[in-house]
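Peer 1:
Numbering (the UniProt record's numbering), first residue to last: 1 to 254.
1. For residue 16, which residues in the same chain have their Cβ closer than 6 Å to its Cβ, ignoring the five residues on either side in sequence?
2. Along the chain, where does the beta strand (DSSP E) that runs through residue 245 open and close?
3. Just tell me which of 59, 19, 160 has its CA closest to the CA of residue 247.
4. With burial defined as no fewer than 16 other Cβ atoms inside 10 Å of the residue's Cβ, what is the status of residue 36: buried or exposed?
5. Closest to residue 189 by C-alpha separation, out of 20, 57, 110, 12, would be which residue?
6. Return the bridge partner residues of residue 187 from the DSSP annotation.
7. Can you give me the C-alpha to C-alpha distance between residue 89 and residue 53, rounded to a whole angstrom?
8. What span of residues does the beta strand (DSSP E) with residue 134 cover, start to end?
9. Jot down the residue ranges of each uninterrupted alpha helix (DSSP H) in the region 48-102, minimum 4 residues, whole runs only, in chain order.
10. Along the alpha helix (DSSP H) that carries residue 106, what are the first and last residues, could you check?
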């Protein structure tokens with residue numbers, strides 16, 4: 001079984017970047033020589049941490065290409081993208097992918113967790129169109145804490161800081177971001193926030209949802225029941241066509 005997984009991962013590397021470059025990438029990943037990885041989809045090297053979930057995120061973004069909106073989904077997806085909000089940006093790999101695919105877009109990369117955010121800043125530093133923001137996406141301005149600090153690096157959940165614990169991070173809504181950065185329209189809103197999408201779409205979504213053209217969201221009912229129900233209730237009045245890419249649901253305004 002383990003050999004089968006290795007052959008599958010090698011196949012992904014070769015399919016994405018050709019035989020030799022794919023083989024070199026596969027070897028680097030397996031040997032955990034990941035402090036500086038070069039891939040064709042990024043102008044600058046990418047850094048992954050050993051002993052973390054970074055390789056899994058890398059696989060999603062650069063091998064499975066789950067954020068490739070140019071795939072043949074059977075319908076046109078806007079390519080003239082000027083504003084991107086990457087909520088739950090983790091270590092910045094999706095933002096890096098978007099920065100290379102849409103070099104003229106302004107990308108706001110939001111991540112609450114300290115270690116992830118430090119790595120995000122490192123990976124996005126060469127891209128002047130990426131704005132790193134250490135915060136959590138929520139339905140209102142607030143202060144939140146990470147309630148599962150022992151989780152994997154891509155599974156942190158947030159909750160309100162009712163007990164006033166140290167280490168809280170600021171939270172803000174999509175509408176707050178639009179006001180803060182003078183955004184009139186969101187061309188691409190990527191949301192992967194480990195269950196907090198329930199609050200984001202349940203309260204106040206009507207203020208910003210009409211201004212979102214394309215939404216890429218991962219729903220986390222396994223972590224917080226009701227996420228899907230709230231999400232579909234929120235978008236039912238909007239004219240979105242729905243597509244699936246890996247773990248993501250893609251909503252394109254028709």
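Quick reminder that beta carbons are idealized off the backbone N, C-alpha and C, glycines included.
Peer 2: In brief:
1. 63, listed in sequence order.
2. Residue 245 -> beta strand (DSSP E) spans 240-245.
3. Ranked by Cα distance from residue 247, the first of 59, 19, 160 is 59.
4. Exposed, by the Cβ-count rule.
5. Of the listed residues, the one whose Cα sits closest to residue 189 is 110.
6. In the DSSP output, where bridge partners are listed per residue, residue 187 has none listed.
7. Their backbone Cα atoms lie some 13 Å apart in a straight line.
8. From DSSP, residue 134 is part of no beta strand (DSSP E); its letter is neither H nor E.
9. If we require 4 residues or more, the alpha helix (DSSP H) runs fully inside the region 48-102 come out as 54-58, 93-101.
10. No alpha helix (DSSP H) holds residue 106; the beta strand (DSSP E) holding it covers 106-110.
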